[in-house]
Amino acid sequence: MSNGYAWPVRDQDPGYPTYLFDRLRREGMQTLEGAKAAGAYSVLEKALKELEPSQVTGMVKDSGLRGRGGAGFPTGLKWTFMPKFDDPRPRLMAVNADESEPGTCKDRVLIRQDPHLLLEGILLACYAMQCRGAYIFIRGEYVEEARVLFKAIEEGYRGRLIGKNILGSEFSCDIHLIRGAGAYICGEETALMEASEGKRGHPRPKPPFPAAAGLWGYPTTVNNIETLCNVPAIVANGPDWYRKMGTEASPGNVLAGISGHVKTPGIFEVPLGIPIRELIYSEKFGGGILGDRKLKAFLPGGSSSGFLPPSFLDTPLTHDDLKNTGSMLGTASVIVIDESASIIRAARVIADFYHDESCGQCSQCREGTGWLAHILKRIEQGRGKPDDLNTLLDACANMKGKTICVLSDAAAWPVELALKHFREEFEEALNKSSSSFSSPEDSGLQGALAGMGPAREPAREPAREPAREQSNAEGGES
Ligand SMILES: Cc1cc2nc3c(=O)[nH]c(=O)nc-3n(C[C@H](O)[C@H](O)[C@H](O)COP(=O)(O)O)c2cc1C
Ligand code: SF4
145 MSNGYAWPVR
155 DQDPGYPTYL
165 FDRLRREGMQ
175 TLEGAKAAGA
185 YSVLEKALKE
195 LEPSQVTGMV
205 KDSGLRGRGG
215 AGFPTGLKWT
225 FMPKFDDPRP
235 RLMAVNADES
245 EPGTCKDRVL
255 IRQDPHLLLE
265 GILLACYAMQ
275 CRGAYIFIRG
285 EYVEEARVLF
295 KAIEEGYRGR
305 LIGKNILGSE
315 FSCDIHLIRG
325 AGAYICGEET
335 ALMEASEGKR
345 GHPRPKPPFP
355 AAAGLWGYPT
365 TVNNIETLCN
375 VPAIVANGPD
385 WYRKMGTEAS
395 PGNVLAGISG
405 HVKTPGIFEV
415 PLGIPIRELI
425 YSEKFGGGIL
435 GDRKLKAFLP
445 GGSSSGFLPP
455 SFLDTPLTHD
465 DLKNTGSMLG
475 TASVIVIDES
485 ASIIRAARVI
495 ADFYHDESCG
505 QCSQCREGTG
515 WLAHILKRIE
525 QGRGKPDDLN
535 TLLDACANMK
545 GKTICVLSDA
555 AAWPVELALK
565 HFREEFEEAL
575 NKSSSSFSSP
585 EDSGLQGALA
595 GMGPAREPAR
605 EPAREPAREQ
615 SNAEGGES
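When we follow our numbering, the leftmost residue of the sequence shown carries the number 145, and every step to the right adds one.
What follows is the structure in C-alpha cells.
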C-alpha cells in the first residue's frame with residue numbers, strides 16, 4: 145500500500161487475525177466521520193452503557209496485555225495500582241507518544257493513520273481508572289502526527305466524545321496534547337511527566353511511583369500509544385479472544401518494525417511468538433538481507449536490546465524468550481546488520497546516541513556513556529589500547545542498576561552483548577596498528593541506526609580516563 149511512508153505498512157491479508165492495522169487499509173480514518181463509519185467509538189459507547197469501570201480493568205487484566213513501550217509490564221495490573229475510587233484526588237493519565245528509541249516508529253503509524261483508535265483506547269483506559277484528564281506527550285519531531293492528532297481531538301470534543309458527559313453519560317474526561325522538544329529522555333515516564341508540567345525533562349527518583357504521585361503530584365498511569373490501541377479490541381471481543389493470539393505469557397499482536405539491511409523494511413502487525421527468522425526472511429515481512437548478503441547480527445527490540453548473532457534467529461519474538469537470550473523484546477523493532485558492516489562502528493553509533501541523550505543527573509550515566517563512546521571510537525579508528533575491552537566491561541558493570549532511570553543500563557547492554565558475541569572483531573581491531581586498520585564499509589548502517597534520531601555530533605571527550613579499580617567508589621548522586 146502506498147501511504148506516503150518511507151516504511152511501508154502492508155495491506156495484503158497476512159493470514160492471521162489482526163486488529164491494530166485493520167482500519168489502516170480503509171480510506172478516511174483521520175476524520176471522525178470516516179472512523180465512525182468504520183466502527184470507531186462503538187466500544188466506548190457500549191462500555192459506558194453496559195460496563196462498570198472495574199469490569200473494563202478486569203478485561204484488560206485477564207487479557208494478559210503487556211505494555212508496548214519497552215518494559216512489557218502487565219497493563220491491567222498497572223491500572224489497579226491507582227488509588228481506590230473513594231480517594232478524592234483527581235486521577236490522570238499520561239500517554240507516552242515520545243517514541244525516540246532508535247529503530248522504532250510504530251506509534252507514529254497508529255497516531256497518523258488511525259488517531260481515533262488511539263483516542264478511543266485512551267478514553268476506555270480513563271473510564272476504567274476514572275481519570276478526569278489525559279495528557280498526550282508527543283515527540284517534537286512528529287509535526288504531522290501532532291497536527292493529525294490535534295484535529296482528531298478537536299473533532300472528538302465537537303462530537304461529545306471528549307469533555308463533559310461523554311456520549312450523554314456521567315463520565316467526563318479531557319484530552320490534552322503536549323509537544324516535546326526533541327529529547328529522548330522525555331520518553332522515560334517520570335521525565336515525561338516533568339516535561340509535561342513544563343519543566344526540564346529530568347527523570348524523578350522512584351518511589352513515589354506515578355500511581356501514587358504523578359502529574360502535578362496526582363495519581364497517574366503512564367501508557368504507551370500501541371498499548372492503548374490494544375484496549376478497544378480487548379473490550380470489544382473479550383480476554384479469551386485476545387489470548388488466542390500470541391503466546392500464553394505474551395498474548396496478542398505486536399507492531400514489529402524491521403529496519404537496516406533488509407530488502408523490504410516496514411512496520412508489520414504480527415502475533416507475538418513469531419520466530420525472528422520469519423520476520424527477517426519472509427517475503428511477507430523483511431524479504432531477506434539486502435543484496436542477498438549474509439546476516440551478521442540483529443537487535444531484536446530497538447538500540448538498547450543489543451546485538452545477537454544469527455544463531456539466535458529462531459528465537460520467538462516474546463518477552464521471556466528474548467530475555468533468556470540476554471537481550472529483550474523492547475519495542476519489537478528489529479534492526480538487521482549484514483556481513484559488510486562493522487559491529488564496532490554500530491556499537492559506537494549507539495553509544496554516541498546514549499551519550500548525547502543522557503540527562504546528566506547521575507555520574508555513572510553521565511561519565512559512563514561518554515567513556516563507552518570515547519573508547520569505542522578509538523577502537524574503531526585503530527587507536528585502541530590493549531586493556532580497552534576490560535575497561536569497557538568494567539564501565540558497563542558500573543553503569544547498571546545504580547542510577548535514577550535505566551538509560552544508563554540501556555547504554556551498557558548493547559556494548560556488553562557486542563563484546564559477548566563479537567569479541568573476535570574487537571580483538572582483531574586492537575591487534576592491528578592504526579596505520580593498517582580501517583573499519584569495513586558502513587553500507588548505510590550508520591544511517592539506519594542514527595537516522596532514527598537527530599543528527600549527532602561526535603561524542604564529547606570525557607574529562608579524564610576512568611580509573612577502573614575505583615570507578616564504583618564515587619557517584620553517590622543517585
Ligand atoms: C530512557 C527511556 C526512554 C523511554 N522512551 C519511551 C518512549 O519513547 N515511549 C514509550 O512508550 N515508553 C518509553 N519508555 C518506557 C516508559 O518509561 C514507560 O515504561 C512506558 O511508557 C509505559 O507504558 P506501557 O506500560 O504501556 O509500555 C522509556 C523508558 C526509558 C528508561
Ligand atoms: S540514568 Fe542517565 S538519563 Fe537517567 S536520570 Fe541518570 S543521568 Fe539521567
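In this text, a Cβ means the ideal position worked out from N, Cα and C, and glycines have one as well.
- ILE266 is the residue among ILE266, LYS564 and ALA184 whose C-alpha sits nearest the C-alpha of ARG276.
- For PRO347, the shortest C-beta to heavy atom distance toward ligand 2 is below 7 Å.
- For CYS549, the three-state secondary structure derived from DSSP is coil.
- Sorting ALA182, ALA215 and GLU483 by C-alpha distance to the C-alpha of ASP553 places ALA215 at the top.
- The three-state reading of DSSP puts ALA556 in helix, counting H, G and I together.
- Taking the Cα positions, GLU243 is about 21 Å away from CYS509.
- A direct Cα-to-Cα measurement between GLY450 and VAL559 gives close to 7 Å.
- Taken in chain order, the unbroken stretches of alpha helix (DSSP H) that lie wholly in the region 252-276 and span 4 residues or more are 259-273.
- Of the heavy atoms belonging to ligand 2, at least one sits nearer than 7 Å to the Cβ of SER552.
- Of the candidates LEU359, GLY390, HIS565 and PRO376, the residue whose Cα lies closest to the Cα of LEU192 is PRO376.
- Taking the Cα of LEU561 as reference, the smallest distance to any Cα among PHE281, LYS467 and MET173 is reached at LYS467.
- Apart from sequence neighbours up to five positions away, the residues of its chain that approach GLY307 with a beta-carbon distance below 7 Å are TYR301, SER316 and ASP318, ordered along the chain.
- For ASP242, the Cβ falls inside the 7 Å cut-off from some heavy atom of ligand 1.
- Using a C-beta cut-off of 8 Å, the region 477-489 makes contact with the region 390-410, since at least three inter-stretch Cβ pairs fall below that distance.
- Excluding five sequence positions before and after GLN274, the CB atoms of its chain that fall closer than 7 Å to its own CB belong to PRO197, PHE229 and ARG235, given in chain order.
- In the structure shown, the three-state DSSP call for TYR362 is coil.
- Shortest gap from the CB of ARG510 to any heavy atom of ligand 2: under 7 Å.
- Going by beta carbons, ARG304 and ALA241 fall outside the 8 Å limit.
- Here PHE456 has THR469 as same chain residues with Cβ atoms under 6 Å from its own Cβ, once five neighbours each way along the sequence are excluded.
- About 10 Å separates the Cβ atoms of LEU537 and LEU516, ruling out a contact at the 8 Å cut-off.
- Contact between ILE494 and ALA573 is ruled out by a C-beta separation of about 17 Å, above the 8 Å threshold.
- Here MET337 carries a helix assignment [DSSP, helix/strand/coil].
- Residue state for SER316 is assigned as coil, using DSSP reduced to three classes.
- Contact between VAL292 and ILE322 is absent: CB atoms are separated by about 16 Å, not below the 8 Å threshold.
- GLU171 carries a coil assignment under DSSP once its states are collapsed to helix, strand and coil.
- Ranked by Cα distance from ARG169, the first of GLU511, PHE412 and ASN381 is PHE412.
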